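**Student:**
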Amino acid sequence: MQLTSQEISYYRDQLSDCEPAMKSLDMIEDAEGDLEDAATSIALAIGQTPDRVDWLDGWAKRCRVAICEVSFRSDLEDNYIENAVKYLLEKKICPPLLITPLLIYVVKNGIEQFCEPLSYKLGNDNETL
Numbered sequence: 134m135q136l137t138s139q140e141i142s143y144y145r146d147q148l149s150d151c152e153p154a155m156k157s158l159d160m161i162e163d164a165e166g167d168l169e170d171a172a173t174s175i176a177l178a179i180g181q182t183p184d185r186v187d188w189l190d191g192w193a194k195r196c197r198v199a200i201c202e203v204s205f206r207s208d209l210e211d212n213y214i215e216n217a218v219k220y221l222l223e224k225k226i227c228p229p230l231l232i233t234p235l236l237i238y239v240v241k242n243g244i245e246q247f248c249e250p251l252s253y254k255l256g257n258d259n260e261t262l
């Protein structure tokens, strides 16, 4: 997944007051916008060992409940990640430097599709009440 310099600038504007996010964006820029390559570099730098091709997707799924919070889901649908970044940093759900590439990955792949399994489960749970 490739980000353009304009997309990186767009996220920088949103996250200018968030140091971990800015460091992540620097690494994405250093990787010439290659999100997976940058995320792998970040993971290695923080002691993670990405051992599968789809490891970023795996991390995203671990954070799915938090990422799909109703309170900022519409923001993510509009490609606005600041509130979600701050929430995930506050909750310490995943390593701070991975939050930004993780959210960009989810947004670029489609938040509706990503949250659908959770919505389906919540819908089924509500039917049994």
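Residue numbers for the sequence shown follow the numbering used here, so the first one is 134 and each next one is one higher. For each residue, glycine too, the CB sits at the ideal point set by N, CA and C. Computed from a predicted structure; not experimentally measured.
What residue range does the alpha helix (DSSP H) around residue 211 cover?
**Tutor:** From DSSP, residue 211 is part of no alpha helix (DSSP H); its letter is neither H nor E.
**Student:** Short of 8 angstroms in beta carbon distance, which residues of its chain neighbour residue 224, apart from the five on each side in sequence? Order them along the chain.
**Tutor:** Contacts found: 199.
**Student:** Relative to the C-alpha of residue 228, which residue among 136, 161 and 154 is closest?
**Tutor:** Nearest C-alpha to residue 228: 154.
**Student:** Distance check for residue 145 and residue 213, CA to CA, integer angstroms please.
**Tutor:** If you take the alpha carbons of residue 213 and residue 145, they lie about 11 angstroms apart.
**Student:** Just grab the DSSP bridge partners of residue 135 for me.
**Tutor:** DSSP output for residue 135 lists 167 as bridge partner(s).
**Student:** Taking all protein chains shown into account, do 16 or more other C-beta atoms lie within 10 angstroms of the C-beta of residue 168, making it buried, or fewer, making it exposed?
**Tutor:** By the 10 Å Cβ count, residue 168 comes out buried.
**Student:** By alpha-carbon positions, which one of 138, 250, 215 and 251 ends up nearest to residue 235?
**Tutor:** Minimum Cα distance to residue 235 is reached at 215.
**Student:** I believe residue 161 touches residue 176 by the beta-carbon criterion, under 8 angstroms. Please report the beta-carbon distance rounded to the nearest angstrom.
**Tutor:** Rounded, the Cβ-Cβ distance is 13 angstroms, inconsistent with contact.
**Student:** Run through DSSP, which three-state label would residue 153 get?
**Tutor:** Correct three-state label for residue 153: helix.
**Student:** How is residue 185 classed by DSSP in three states: helix, strand or coil?
**Tutor:** Reduced to three states, the DSSP call for residue 185 is coil.
**Student:** Please work out which residues of its chain come closer than 7 angstroms, Cβ to Cβ, to residue 244, disregarding the five sequence neighbours upstream and downstream, and give them in chain order.
**Tutor:** Same-chain partners within the cutoff: 206, 209 and 210.
**Student:** Return helix, strand or coil for residue 148, following the three-state DSSP convention.
**Tutor:** Coil.
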